[in-house]
Amino acid sequence: MSPWHHRGMSPWHQRGVALVVALLALTAGLRPAPATALSAAAVQIAWLKVNAGPDPVSPLETWAQEMRLRTSVAVSGQPVALRPEDRAILRYPLLYMSGDRALSPFSDAAIAVLRRHFSSGGTLIVDNAGRAEASAAFDASFRRELQRIIPQQLQKIAPGHVVFRTFYRLDRAVGRRADSHDLEGLRVGNHYAVLYTRNDLGGALARQSLGGYALAVVPGGEMQRELALRLAVNLAMYALCLDYKDDQTHVLYLLSHRRSASPAPAAGREE
Amino acid sequence: MPTTGEIWRDRLEWSLSISNHGWLWTVALLAAIAVLALTAVNARSAQRPLHQVVLVALRAVTITTLLIVLGQPTWVSQQARQDGKAIAVLLDSSASMATGPAGKTRWDRAVAAAQEIMARGGAQLWAVGDRAQASINTKLYTPTGSATDLLGGLRAVRDAHVSDALRAVVIVSDGLDTAELRGRNGPDATALDGESADIVRSLRAPVHAIAIDDPTPAMDIAVTALRLSQFGFARTFMPVAVDIEIAGAADQKGALTLQLLDNGKPLASQQVPIAGLTRRTISMEFQPLHVGTHVIEASITPLPGEATTTNNRAFAGLSVVRDRIRILHLAGQPSWDTRFLRTYLRAAANVDLVSFYIMVGEGAGAYVAGEDTTLIPFPAKEIFEDALAGFDVVILHNFPYGPFQLEQYMPQLSQHIRSGGGLLVLGGPLALSAGGYFGTPLADLLPVQLGPPGDDGGWSEGTLAPILTPLGNHHPVAMLGRDAKESEAAWRRHSIFGRNSGMLPRQGTAMLVTDAKDRALFAVGDVEQGRSAVLATASLWTWAFGADTEHSADAGATGVDQSERDARGDYHRLLNQTIAWLVRDPDYELIRLTPPADPVAVGEPVRIGVALRDGAGEPLTQMQLQWTAAEPATMQEELPVTFKGPLTDERGLATLELHGLKPGAWLIVVQVEWQGRPQRAVVPIVIAVPAVETAQIQPNDRLLHLIAKASAGTVWQGSGPANGIPLAPLDNIESLARAELVHTELWSRPEALIGLLVILCLEWVLRRRWGLA
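As you go down the protein sequences, you meet chains D and H in turn.
Per our numbering, the first sequence starts with residue 3, numbered consecutively.
Per our numbering, the second sequence starts with residue 3, numbered consecutively.
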């Protein structure tokens, strides 16, 4: 059963959704894009396919659609699916991985590719898609594998961090669930290379074949879904802009202080 | 014997000295008397009295001669040379003496006073300005000295009269010493300082002065000092203090216009009320925009009837360095290209970055309404009106022309770039022809010609290989290796994903990279004083992320391979070089000029070092230099280059030597032909004007009185006394002359011996003839 299965959905409907998703997957061709197909001017969110949960085709499409709708970013609507050891990952700075069960250990090649992805400036958004609550198995296995890539612990991202206001002002991180209001992250250099949400963000974005949202959002309903959508926008914008909003908040100050001989004061950072 | 020449009239005095040995003389005199007595007794035996007298006389002559020889008589010649021009007239020939109406300048009146003294004879005329010069012809002389060094003039006169005496020294001057004397004797001095007084007294003659005043007080406004640091940072405001003095303008009304200029271009101006103004310091500030040598000028608009306008301007040299490169990054949308460029620029220690991205698209509507977002309006006015001048480089990154008021602010942006700013246009579906640049003033700033968007809308997807042009292969911007071969290889390992179309080469710019069909990908060019570059793709980020390399998808699983490292290095290098070239970093210039460190004095040659190196740092040898000079205020983009300079040597070096430049600031344009294209560099120089000499123009006889007081001299106003200049007593002359004695020993002369022998022989012969023993 899909993790973003609507609790009130009948078995027929479930089968229908599964069929549509399967057809979409086949017709849309969820395959690693060939190098010649790289559209460098557009942003593509690549799905890191780890076989720890359902294929997030619908959430990624919704995500791209909402980015195009709400922001100026040119986002490609066709998600790309890539295996962790696939070096084509290195053409996609923004990766999305979700799971509701334990991850299989990554191969050494996958570890190397992901390590390089992070060190090159890439970002991985990890979504714990546990059904009723965050999957402990996925959580533990993900942390284990992450340790293999970057031997550091995830840390809680402060509510004032730029990721919470890089586009929308948010005071918490929610998804289909709202178990934890926190985001966790792993810093590489000056940016969070890994952002981890435990609230099934993809579940809030998943749509039915006919357009409606596939899963109920609890406990906040549609308002919470909107917050989840906004979080998705912010996460992608953070990957694209990093701490731009820290500077941009002070842009008028910076402009008015062009006269200063010394470098402009460092913009405030919340973390 | 002393000699006489055309200059000297020698006076000879003779004196006879005899060695004084008391006992010897007593014995000699007694012996002489005894001999003479014996001779007289002996002569009595002569037959005639005449014979007796003759014999005694001859013996007396002999004895006298012997006594003279015994006394060793010596002629002493005292050479008391008396100078026929024993009065030295020092005529002030500094520029301040030119003050006054034609025919009645201070110089004219000083010359008349000097000629009165000269007419009495015995005087030598000196000109004293920044240096002293003897025996001048006043008809051929003009007062242009850049300083007044009275003490130096007195020293020169003294040194010229070491071995003879002066009877008097007369200074004819307005008293405006600008050198050592004034420095040693401040406004409160009541007597000359010790060293100056020693110099005056060493002349051993009274030093008089004729103070040349103005018949009516001269009206004059002077910039007496322009004070600022010798070093500054580009685009950082610098304080400047301008000292102004005004005289003879008590009845004037209105205000003066004080203007500050940078290489002849106005920076700032200020109105200074004249009423009640005698001396004032005006504080101003300005922002040097460009790295290099600047000539800062403070200038006051002359008033009608000013005594001189040469002191209405003051110059100061300023060396401007760059602390940080200030970049304004405007992006039409967030993208991976903006993301990695931002990462690079934020990490660069020498970059001060201000970014503004267009974050929301058309139609977002309610999704971005209210206070739920952190969006702020695009601060077009603040950026383009208020802050633009503070940036070295403006990056338009996939930025569309229409939606964000670019058109409204194009005059400011265009002016900024044309006056020395850098513009980097990075491509994408919202930029160049696709972004509506065609036919706009922005297109005129680009190093490519834009066509209207074609069927592809000005943007085409697809992968293509960038190809370095022959020019790009040697250009400091596009070189990605130590030599052309390495650079070509570096470009070959990269791909371009998507490109802006509809671009053609523009005359006079440099096409560095094209695709296989010679379509422009990367071009750079000058825009008057500024520069611009276009990179017609949004995929440069793939270099930084290592996404475009051929091997990145196939390399082993061990992580970063060499090609990925190279790719990232190429990204950094290309951006670094492009930005450095845009801001005219001297290390990335083909022509590097080294101007004189200090202002060059009028009449001195200006030597400018020239070094030519290509993008790989290889010297360009046997290159023909051409040059011209332009006044900064009239500097045009296409200044004709008219003079041939030397060829560069085997090290790519040459020295330009320029003569005959008038005082003031100049821009020297140096040009060479390289790769069939003219390359030029401009450097400002300043030819020093005698600003210090004419900074204070009102006559002041204070120092003349101090000099006269130190040597018992007199100060007269306007002309000397009717009865002539008082002279020093002759005692001084004799005391100087005593050292020059010439001794001539008369006793040891052969004539004396021969005379003695002749007398003795004559006496002997007479004695024999007259029958005496």
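Don't be surprised by glycine CBs; every beta carbon is placed ideally from N, CA and C.
For P95 (chain D), the number of other beta carbons within 10 angstroms of its own is at least 16, and it is reported as buried. The three-state secondary structure of D248 (chain D), taken from DSSP, is helix. Pairing Q154 (chain D) with L116 (chain D) gives a Cβ-Cβ distance that is not under 9 Å. Considered as a whole, the region 155 to 219 of chain D harbours 157 to 159, 185 to 190 and 193 to 199 as its complete beta strand (DSSP E) runs of no fewer than 3 residues, in chain order.
Interface annotation, A349 (chain H): in contact with chain D, CB-CB separation under 9 Å. At a cut-off of 9 Å between beta-carbon atoms, A216 (chain D) makes no contact with chain H.
Rounded to the nearest whole angstrom, the CA to CA distance from G404 (chain H) to V529 (chain H) is 22 Å.
Classified as buried, K247 (chain D) has 16 or more neighbouring CB atoms from the shown chains inside 10 Å of its CB. Rounded to the nearest whole angstrom, the C-alpha separation of S750 (chain H) and Q74 (chain H) is 8 Å. Per DSSP, the continuous alpha helix (DSSP H) segment holding M239 (chain D) begins and ends at G223 to C243. Per the Cβ contact rule, the region 219 to 239 of chain D is in contact with the region 64 to 83 of chain D (3 or more Cβ pairs under 8 Å).
The DSSP-derived three-state label of K646 (chain H) is strand. Inter-residue distance for E488 (chain H) and E659 (chain H) is about 38 Å (C-alpha atoms, whole angstroms). Judged by DSSP in its simplified three-state form, D458 (chain H) adopts coil rather than helix or strand.
Runs of the alpha helix (DSSP H) lying entirely within the region 407 to 446 of chain H, each at least 4 residues long, are 412 to 420 and 443 to 446 in chain order. Secondary structure of D589 (chain H) (DSSP, three-state): helix. Around the Cβ of W766 (chain H), a 10 Å sphere holds fewer than 16 other Cβ atoms; the residue is exposed. Rounded to whole angstroms, the Cβ separation of P61 (chain D) and L207 (chain D) is 4 Å, and the two are in contact under 8 Å.
Nearest CB-CB separation between F401 (chain H) and chain D: not below the 9 Å threshold. Its Cα nearest to that of L514 (chain H), the residue H:L470 stands out among H:G527, H:L470, H:R533 and H:R494. At a cut-off of 9 Å between C-beta atoms, L377 (chain H) counts as an interface residue with respect to chain D. Comparing alpha carbon positions, the residue from H:S148, H:D616, H:E364 and H:T311 closest to A480 (chain H) is H:D616. Each of H:G757, H:P752 and H:I709 was checked against the Cα of A191 (chain H), and the nearest Cα belongs to H:I709.
Residues of chain D whose Cβ lies closer than 7 Å to the Cβ of Q335 (chain H) are, in chain order, S74, V75 and A76.
Going by DSSP, Y346 (chain H) is part of the alpha helix (DSSP H) stretching over W338 to A349. Per the C-alpha coordinates, the member of D:F120, D:Y194, D:R103 and D:G223 positioned closest to A131 (chain D) is D:R103. The three-state secondary structure of W545 (chain H), taken from DSSP, is helix.
Taking the Cα of Q232 (chain H) as reference, the smallest distance to any Cα among H:I173, H:M286, H:P208 and H:V297 is reached at H:V297. Neighbours of Y369 (chain H) in chain D, taken as residues at a C-beta separation under 7 Å, are given in chain order as L71 and R72.
Buried is the label assigned to W668 (chain H), since at least 16 other Cβ atoms lie within 10 Å of its Cβ. By DSSP's assignment, R229 (chain H) forms a beta bridge with H:A243. Leaving aside the five residues that flank A100 (chain H) on each side, the residues in its chain whose CB is nearer than 8 Å to its CB run, in chain order, T107, R108, W109, T144, P145, T146 and T310. L50 (chain D) has a beta carbon lying at 9 Å or more from every beta carbon in chain H. Per DSSP, reduced to three states, the secondary structure at E659 (chain H) is strand.
Taking CB atoms only, L448 (chain H) has no neighbour in chain D less than 9 Å away.
Residue state for L729 (chain H) is assigned as coil, using DSSP reduced to three classes.
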